[in-house]
Amino acid sequence: MTAPSVPADLRHPALAAADPELAALVAAEERLQADTLRLIPSENYVSAAVLEASGTVLQNKYSEGYPGKRYYEGQQIIDQVETLTAERAKGLFGMDHANVQPYSGSPANLAVYLAFLKPGDTVLGMSLPMGGHLTHGWGVSATGTWFNGVQYGVRRDTGRVDLDEVRDLALAERPKLIFCGGTAVPREIDFAGFASIAREVGAVLVADIAHIAGLIAGGAHPSPAPHVDVVSTTTHKTLRGPRGAMLLSRAEHARAIDRAVFPGLQGGPHNQTTAAIGVALREAATPDFRSYARDVVTNARTLGEELAARGFDLVSGGTDNHLLLIDLTAKDVPGKVAAKALDRAGIVVNHNSVPYDTRKPFDPSGIRIGTPALTSRGIPASEMGTVAEWIDRVVEAARTGDESTVTKVRAEVTALMDGYPAPGLPLS
Ligand code: DSN
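The structure is reproduced here in structure tokens:
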């Protein structure tokens with residue numbers, strides 16, 4: 002197990018003095034994040050700079066409104082923080098307008114509905130079990146109950162989105178809003194193809210790039226900017242920023258987006274998060290981040306090949322990005338059983354539905370894994386064979402109930418993690 006280079010009570014001295022109980026939990030989470038192999042594709046390690054920015058006195062300030070048009074005084078500095086961050090977002094993603102206030106991805110997407118739709122209007126999005134997000138019109142979400150959610154999926158034979166199906170649905174249902182992107186999509190998104198369909202039916206096209214924002218910023222995935230009306234993204238996944246979100250748009254939609262975020266949906270922005278987003282955007286504009294984005298994809302592709310060589314069934318046959326969706330049916334282990342065994346082995350993944358899953362969402366057939374966090378630790382493609390081998394051993398151990406293998410892999414994982422310190426964690 003890794004030894005802390007700085008003891009927890011010195012890393013967070015005020016917290017340790019004021020609330021030892023919570024300080025101990027924070028220290029334990031730091032240890033867990035350092036010692037485990039984190040493969041959840043929507044998670045990452047932020048830099049120490051992003052971490053510092055998100056813990057600043059900026060959080061003491063209320064600033065409902067926008068720079069120059071606030072409902073509280075004392076905005077001399079906050080206006081500059083928000084403007085700087087929004088300018089960086091516009092520059093990095095090549096869009097006319099940026100709103101950096103959404104609290105996270107779901108409120109950002111809800112603001113898009115508020116900007117363009119009335120209750121009952123139709124939205125076309127990818128269905129949740131096919132790889133979409135709850136907020137793309139799925140039934141149990143407000144977006145599928147207050148609006149008429151029409152859903153596309155992936156083809157059974159290819160595991161990929163079929164734009165002919167999307168076009169047929171769009172022509173039949175005439176949605177006002179179309180979402181492309183998702184949360185379990187291992188393949189490149191054809192923004193131009195979606196744009197042509199949206200133009201044909203007169204819909205507003207939104208690219209939800211939450212998962213791939215860092216890949217786009219780093220040039221490892223094509224940009225939606227030339228094609229879409231609105232870009233929605235969280236900031237804490239491949240972009241490696243704090244937990245937050247942004248909405249970017251063409252100039253003509255700026256007012257509608259801004260009014261929807263505030264006063265339509267939210268109150269005061271979380272200014273400490275805005276600053277940390279700004280730091281992450283600055284980091285994402287560097288040559289180092291371009292290498293990072295490329296390495297994330299190389300690691301995912303290599304890990305996919307190593308897993309496929311061990312008989313794992315990858316949805317769509319592989320990946321173009323940071324994410325792998327694995328159907329464990331052929332391994333005879335339910336996704337949740339595998340995920341829990343992997344967690345005990347120090348390999349953190351999530352169970353996930355696979356397209357056309359015959360099992361229930363809370364007990365599905367698959368797992369979803371990704372490489373953003375391990376790549377942030379500098380773990381190279383040459384280690385992906387070892388990672389695939391661990392996954393293979395643990396999934397087989399889960400099938401047979403062989404807990405001693407799980408324990409052995411746990412020790413091997415911690416030993417490897419020791420050699421690749423995580424950004425932002427003052428643990429050696
Ligand atoms: N919960 C996120 C994910 O894990 O992909 C999406 O919102």
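Position one of the sequence shown corresponds to residue 2 (this note's numbering), numbered consecutively onward.
From the three backbone atoms N, C-alpha and C, an ideal C-beta is built for every residue, glycine too.
Everything numeric in this text was worked out from a predicted model, so none of it was measured.
Could you spell out where the beta strand (DSSP E) holding Leu125 opens and where it closes? For Leu125, the uninterrupted beta strand (DSSP E) segment begins and ends at Thr123 to Met127.
Whose C-beta lies closer than 8 angstroms to the C-beta of Arg244 among residues of the same chain, with five residues either side of it excluded? Ser105, Thr235, Thr236, His237 and Thr274
In this structure, what does DSSP give as the bridge partners for Phe180? Val207
Within the same chain, show all residues whose beta-carbon is closer than 6 angstroms to that of Asp321, passing over the 5 residues directly before and after it, in chain order. Once the five neighbours on either side are set aside, the close Cβ partners of Asp321 are Arg188 and Glu189.
By how many angstroms is the C-alpha of Arg32 removed from the C-alpha of Glu307? 29 angstroms
Excluding the five sequence neighbours on either side, which residues of its own chain have a C-beta within less than 8 angstroms of the C-beta of Ala9, listed in chain order? Here the set comprises Ala17, Ala24, Ala25, Val27, Ala28 and Glu31.
How about the region 188-203 and the region 215-227: do they share at least three Cβ pairs that are nearer than 8 angstroms? yes
Validate contact between the region 371-384 and the region 39-48 using beta carbons, cut 8 angstroms, 3 pairs: yes
Could you check the C-alpha separation between Arg161 and Ser64 for me, to the nearest Å? 43 angstroms
By Cβ distance below 6 angstroms, which residues in the same chain neighbour Arg360 in space, the five residues on each side in sequence not counted? Cβ within range, chain order: Ser366.
What does a CB cutoff of less than 7 angstroms around Glu166 pick up in its chain, not counting 5 residues either side in sequence? Tyr153
If you draw a straight line from the alpha carbon of Arg302 to that of Val316, how long is it in whole angstroms? 13 angstroms
Within 6 angstroms: the Cβ of Thr372 and any heavy atom of the ligand DSN? no
Any non-hydrogen atom of the ligand DSN closer than 6 angstroms to Gly106 Cβ: yes
Please return the same chain residues whose Cβ sits closer than 6 angstroms to the Cβ of Gln76, not counting the five positions on each side in sequence. Ser64
Local Cβ density within 10 Å of Ala310, reported as buried at 16 or more and exposed below that: exposed
Who pairs with Gln152 in a beta bridge, going by DSSP? Gly126
Going by DSSP, name the residue or residues bridged to Thr234. Met247
Got a sec, what are the start and stop residues for the beta strand (DSSP E) Gly371 sits in? Taken as a continuous stretch (DSSP letters only), the beta strand (DSSP E) holding Gly371 covers Gly367 to Gly371.
The beta strand (DSSP E) with Leu1 in it runs from where to where? No answer is possible for residue 1: the residues shown for the chain start at 2 and end at 429.
Counting only runs that start and end within the region 332-411, where is the beta strand (DSSP E) found for 3 or more residues in a row? When DSSP assignments are scanned along the region 332-411, the uninterrupted stretches of beta strand (DSSP E) that are 3 or more residues long and fall wholly within it turn out to be 351-353 and 367-371.
May I ask which residues mark the beginning and end of the beta strand (DSSP E) holding Asn100? His98 to Asn100
Skipping 5 residues on each side, what residues in its chain have a beta carbon closer than 6 angstroms to that of Asn100? Leu248, Ile258, Asp259 and Val262
Is Ser142 near the ligand DSN, going by C-beta to nearest heavy atom under 6 angstroms? no
Comparing C-alpha positions only, which one of Gly319, Gln267, Asn149 and Asp158 sits nearest to Pro176? Asn149
Buried or exposed for Ala4, going by 16 or more other Cβ atoms inside 10 Å? Unreliable positioning characterises Ala4 in this predicted model, as indicated by a pLDDT of 45, which lies under 50. The coordinate reading is nonetheless provided below. Answer is exposed; the Cβ neighbour count stays below 16.
Opening and closing residue of the alpha helix (DSSP H) in which Gly305 lies: Per DSSP, the unbroken alpha helix (DSSP H) holding Gly305 starts and ends at Pro288 to Ala310.
Counting along the chain, where does the alpha helix (DSSP H) carrying Arg443 start and finish? Residue 443 lies beyond the residue range present for the chain, which begins at 2 and ends at 429; the question has no answer from this structure.
Since I believe Ala218 is in contact with Leu93 (beta carbons under 8 angstroms), could you give me their beta-carbon distance rounded to a whole number of angstroms? Contact between Leu93 and Ala218 holds: CB atoms are separated by about 5 angstroms, below the 8 angstroms threshold.
Relative to the ligand DSN, is the shortest distance from any of its heavy atoms to the C-beta of Thr359 smaller than 6 angstroms? Not so, every heavy atom of the ligand DSN lies at least 6 angstroms from the Cβ.
Helix, strand or coil for Leu240, going by three-state DSSP, please let me know. Coil at Leu240, not helix or strand.
Can you grab the Cα-Cα spacing for the pair Ser429 / Tyr421, in whole Å? With a pLDDT of 42 at Ser429, under the threshold of 50, the modelled position of this residue cannot be trusted, and the question is left open.
Between Glu284 and Ser48, how many whole angstroms is the CB-CB distance? I'm expecting something under 8 angstroms. 6 angstroms
From the DSSP secondary-structure annotation, give me the bridge partner or partners of Asp314. Asp328
Can you find a C-beta in chain C that's less than 7 angstroms from the C-beta of Glu22? As a matter of chain content, chain C is missing from the structure shown, which is built from one protein chain.
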